[in-house]
Amino acid sequence: MKFALFKNKNYSLFVFGQASSVFGDVFLNIALSLYVLKLTGSAEKFAAILALGVIPQVFLGPFAGTIVDRLNKKKSIIFLDLIRFLYLLVLIVITKGELQINTIYITVMFFSLCDIFFGPSFISIFPLIINKEDFVDGNALMNTILEATRIIAPILGAVVFSRYGLIIILFVDAITYLISAISELFMEIPLEEKDIGSNNFIKEVMDGFKVFFKDTKITSLVANGILSHIFLFPFFLVGFPYLLTQVFLVPELFYGIVQSLMPVGFFLSVALVSITKNKLSQAESINYAIIGMLLTVVLVGLLIVPSFTAVLKDSPLITLIFFSFVNFFMFLSFGYYGVFFVSFYQGNVPKELLGRFGSILIMLFAVGRFIGFKVFGYLFNKGILLYPILILAIGMVLKLIAHVPFMLKEKQQSITERI
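All residue numbers for the sequence shown refer to this note's numbering, where the first residue is 206 and numbers rise by one.
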């Protein structure tokens with residue numbers, strides 16, 4: 206791993222600020238998941254809250270990147286961190302940590318709205334503070350730090366929530382946004398050359414869409430990502446909390462441990478990238494990652510075997526081990542895939558279009574998650590595990606089909622280069 210990148214002050218501050226806010230967000234999300242499931246006991250209502258968070262991304266996502274491309278990126282992310290800090294402080298004073306469902310709706314929508322503009326700004330800043338040849342190492346090192354925070358945060362969030370409730374959780378999240386804003390304040394980001402030849406807002410938005418179709422490999426990878434957000438993420442984000450807390454009735458600490466294995470998988474995927482990046486091509490690495498995801502779905506299929514679920518219901522420890530391993534292996538595979546996916550588009554999408562590309566990408570993923578949350582929330586609420594697992598399996602088949610154009614294009618380019 207290229208730790209020398211930390212000599213770059215801008216990169217160090219960038220990563221530190223992100224790690225701070227990521228810790229606070231995961232800390233809060235774990236507590237809110239437990240709070241909402243305890244309040245409603247319904248997978249469908251829990252999924253509805255998750256789906257609500259993607260609505261602003263669906264309607265505003267395509268325009269956010271174009272707006273961000275016209276703004277100062279540094280000022281944008283500082284403003285967005287500070288406004289979230291102030292919102293949480295006001296929320297603490299007004300509610301004293303006792304949130305009603307309507308308040309949770311508003312909070313989820315507000316944070317989603319902020320994320321719409323924060324995401325494209327974040328994507329656009331990275332190539333400005335690090336050399337192109339360091340993209341893979343830079344993403345890998347940053348992901349290592351971020352996933353380390355995600356390992357700790359779920360366990361701490363579950364423990365703190367079970368003992369003190371939401372008020373401490375909200376306060377910690379607020380402080381992390383303040384720390385992030387202060388870190389970003391000291392970054393020195395090079396000024397970008399902006400194309401001011403066109404003031405046609407709609408044309409600029411459409412230019413962002415065109416990027417997706419200029420390269421077959423980008424089109425294939427984005428389609429694959431959308432399918433992940435329709436099938437994989439909703440299954441794990443809706444299904445696992447519901448199954449653990451409402452079906453298998455594990456302690457809150459066990460739920461926190463299972464969730465922490467998700468970032469452990471991401472964390473170790475970065476180490477795997479460092480080991481294999483000089484031995485495998487980007488295409489080969491992505492292929493192996495997809496195979497890993499497929500194998501994990503096979504493990505999930507055990508949940509439709511009555512004798513296996515009976516064992517899980519009788520033993521919270523076995524339940525903990527099984528769900529932890531599945532979470533770990535899935536996100537080891539997905540994390541490995543993600544490093545190469547992000548590095549690929551950062552290196553192939555023009556810098557002046559990255560904001561627009563990023564915002565539309567976020568919007569497309571949000572549409573996928575919205576569909577997935579509604580479908581899997583409904584299916585899990587039926588209480589028949591066969592249905593959501595069957596839909597997950599269909600999704601994995603579609604992911605394989607979507608990946609075929611990428612493999613064919615890569616093979617064609619390899620043959621051309623040899624000639």
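Idealized CB from N, CA, C, for every residue including glycine.
Note that the structure is predicted; figures quoted are calculated from it, not measured.
Separation of residue 495 from residue 605, as counted between CA atoms: Within the sequence shown, residue 605 is the residue found at index 400, counting from 1. Within the sequence shown, residue 495 is the residue found at index 290, counting from 1. Answer to the nearest angstrom: the Cα atoms are 8 Å apart.
Just how far apart, CA to CA, sit residue 243 and residue 451? Residue numbering aside, residue 243 sits at position 38 when the sequence shown is read from its first letter. Residue numbering aside, residue 451 sits at position 246 when the sequence shown is read from its first letter. A direct Cα-to-Cα measurement between residue 243 and residue 451 gives close to 9 Å.
Along the alpha helix (DSSP H) that carries residue 461, what are the first and last residues, could you check? Position 256 of the sequence shown, counted from the first residue, corresponds to residue 461. Counting along the chain, the alpha helix (DSSP H) containing residue 461 begins and ends at 457–481.
Contact defined as beta carbons within less than 8 Å: I believe residue 546 pairs with residue 426. What is the distance between those atoms, to the nearest angstrom? Stepping through the sequence shown from its first residue, residue 546 is reached at position 341. Stepping through the sequence shown from its first residue, residue 426 is reached at position 221. In this structure residue 546 is in contact with residue 426, their Cβ atoms being roughly 6 Å apart against a cut-off of 8 Å.
What is the rounded straight-line gap between the Cα of residue 431 and the Cα of residue 566? In the sequence shown, counting from the first residue as 1, residue 431 sits at position 226. In the sequence shown, counting from the first residue as 1, residue 566 sits at position 361. So the alpha carbons of these two residues sit roughly 9 Å apart.
Are the stretch 329–343 and the stretch 283–299 touching, with three or more C-beta to C-beta distances below 8 Å? No, the stretch 329–343 does not touch the stretch 283–299.
Leaving out the 5 sequence neighbours to the left and right, which residues in its chain are closer than 7 Å to residue 518 when beta-carbon positions are compared? Along the sequence shown, one-based indexing puts residue 518 at 313. Within its own chain, the residues whose Cβ lies closer than 7 Å to the Cβ of residue 518, once the five positions on either side in sequence are excluded, are 453, listed in chain order.
Hey, how far is the Cα of residue 385 from the Cα of residue 354? For the purposes of this step, residue 385 is taken as the residue at position 180 of the sequence shown. For the purposes of this step, residue 354 is taken as the residue at position 149 of the sequence shown. Going by the C-alpha atoms only, they are around 14 Å apart.
Near residue 297, which residues of its chain fall below 8 Å by C-beta distance, leaving aside the five closest residues on each side in sequence? Here the question's residue 297 lines up with position 92 in the sequence shown. Taken in chain order, the residues that qualify are 372, 375, 376, 379.
Taking 7 Å as the limit between beta carbons, can you name the residues of its chain near residue 455, skipping five residues before and five after? Walking along the sequence shown from the start, residue 455 turns up at place 250. The residues are 449, 521, 524, 525.
What's the C-alpha gap between residue 291 and residue 368? By 1-based counting over the sequence shown, the position of residue 291 is 86. By 1-based counting over the sequence shown, the position of residue 368 is 163. Each residue's Cα considered, the two are about 25 Å apart.
Check residue 549 in the structure and name its three-state DSSP category. Translated into positions along the sequence shown, residue 549 becomes position 344. Here DSSP, grouped into helix, strand and coil, assigns residue 549 to helix.
Every unbroken alpha helix (DSSP H) within the stretch 412–439, with a cutoff of 4 residues, ordered by chain: As far as the stretch 412–439 is concerned, its whole alpha helix (DSSP H) runs of at least 4 residues are 421–432.
Can you grab the Cα-Cα spacing for the pair residue 199 / residue 388, in whole Å? Outside the modelled stretch of the chain, which goes from 206 to 624, sits residue 199, for which no answer is possible.
Is it buried or exposed for residue 611, if we count other Cβ within 10 angstroms and need 16 for buried? Locating residue 611 in the sequence shown gives position 406, where the first residue counts as 1. The residue in question, residue 611, is buried, as its Cβ has 16 or more Cβ neighbours within 10 Å.
Cutoff 8 Å; reference residue 362; Cβ partners in own chain excluding five residues on either side: Position 157 of the sequence shown holds residue 362. If we look at residue 362 and ignore the five residues flanking it on each side, its Cβ neighbours are 231, 232, 233, 234, 235, 236, 374, 461.
Short of 8 Å in beta carbon distance, which residues of its chain neighbour residue 394, apart from the five on each side in sequence? Order them along the chain. Locating residue 394 in the sequence shown gives position 189, counting from the first residue. Cβ contact annotation for residue 394 (same chain, cutoff 8 Å, sequence separation greater than five): 215, 278, 279, 330, 333, 334, in chain order.
How would you call residue 527, buried or exposed, if buried means at least 16 neighbouring beta carbons within 10 angstroms? Position 322 of the sequence shown, counting from 1, holds the residue named residue 527. The residue is buried, with at least 16 neighbouring Cβ atoms inside 10 Å.
Kindly indicate which three-state DSSP category residue 213 falls into: helix, strand or coil? Mapped onto the sequence shown, residue 213 falls at position 8. In the structure shown, residue 213 falls within a coil segment according to DSSP collapsed to helix, strand and coil.
Determine the contact status of residue 598 and residue 443, defining contact as a CB-CB distance below 9 Å. Position 393 of the sequence shown holds residue 598. Position 238 of the sequence shown holds residue 443. Their beta carbons are not under 9 Å apart, which means residue 598 does not touch residue 443 by this criterion.
Do residue 466 and residue 541 have their C-beta atoms closer together than 9 Å? For this step, residue 466 is matched to residue 261 along the sequence shown. For this step, residue 541 is matched to residue 336 along the sequence shown. No. Outside cutoff.
Where does residue 512 fall in DSSP's three states? Working through the sequence shown from its first residue, we reach residue 512 at position 307. In the structure shown, residue 512 adopts helical secondary structure according to DSSP, grouped into three states.
By the 10 Å Cβ neighbour count, where 16 or more other Cβ atoms means buried, how is residue 254 classified, buried or exposed? Reading the sequence shown from its first residue, position 49 is the one you call residue 254. Using a 10 angstroms sphere on the CB of residue 254, the tally of other CB atoms reaches 16 or more, which defines it as buried.
Checking 9 Å against the spacing of the C-beta atoms, do residue 241 and residue 250 come in under that value? As a working mapping, residue 241 is identified with position 36 in the sequence shown. As a working mapping, residue 250 is identified with position 45 in the sequence shown. If you check the CB distance, residue 241 and residue 250 come in under 9 Å.
Buried versus exposed call for residue 223 [16 or more other C-beta atoms within 10 Å across all chains shown]: Here residue 223 is taken as the residue at index 18 of the sequence shown, counted from 1. Of the other Cβ atoms in all chains shown, 16 or more fall within 10 Å of the Cβ of residue 223; this residue is therefore buried.
Going by Cα to Cα distance, which pick from 458, 440, 463 is closest to residue 591? Working through the sequence shown from its first residue, we reach residue 591 at position 386. Nearest option by C-alpha distance: 440.
Does DSSP classify residue 277 as helix, strand or coil? For the purposes of this step, residue 277 is taken as residue 72 along the sequence shown, with counting starting at 1. Of the three classes helix, strand and coil, the one that applies to residue 277 here is coil, per DSSP.
Could you please give the first and the last residue of the uninterrupted alpha helix (DSSP H) stretch that includes residue 395? The residue labelled residue 395 in the question sits at position 190 within the sequence shown. First-last for residue 395: undefined, no H or E at that position.
Using beta-carbon positions only, say whether residue 535 and residue 582 come within less than 9 Å of one another. Reading the sequence shown from its first residue, position 330 is the one you call residue 535. Reading the sequence shown from its first residue, position 377 is the one you call residue 582. Not a contact, by the Cβ cut-off of 9 Å.
Do you know whose CA, among 488, 579, 600, lies nearest residue 617's CA? For the purposes of this step, residue 617 is identified with residue 412 of the sequence shown, where counting begins at 1. Comparing Cα positions, the closest option is 488.
If you run the structure through DSSP and keep just helix, strand and coil, what is residue 337? Residue mapping note: residue 337 aligns to position 132 of the sequence shown, counting from 1. The answer is helix: DSSP assigns residue 337 an H, G or I state.
Pair within 9 Å by beta-carbon distance, residue 472 and residue 562: The count along the sequence shown starts at 1 and reaches residue 472 at position 267. The count along the sequence shown starts at 1 and reaches residue 562 at position 357. Their beta carbons are not under 9 Å apart, which means residue 472 does not touch residue 562 by this criterion.
Which same chain residues end up closer than 7 Å to residue 228 when comparing Cβ atoms and leaving out the 5 residues on each side of it in sequence? In the sequence shown, counting from the first residue as 1, residue 228 sits at position 23. Here the set comprises 354, 358, 381.
Can you give me the Cβ contacts of residue 447 inside the same chain, cut-off strictly under 6 Å, excluding the 5 residues immediately before and after it? For the purposes of this step, residue 447 is identified with residue 242 of the sequence shown, where counting begins at 1. Counting only Cβ-Cβ distances below 6 Å, and skipping sequence neighbours, we find 248, 585.
Does the beta-carbon distance from residue 276 to residue 326 come in below 9 Å? Start at 1 with the first residue of the sequence shown, and residue 276 comes out as number 71. Start at 1 with the first residue of the sequence shown, and residue 326 comes out as number 121. Taking 9 Å as the Cβ cut-off, residue 276 and residue 326 qualify as a contacting pair.
Top-ranked residue by Cα proximity to residue 595, from 569, 537, 351, 504: Against the sequence shown, residue 595 aligns to sequence position 390. Closest by alpha carbon: 504.
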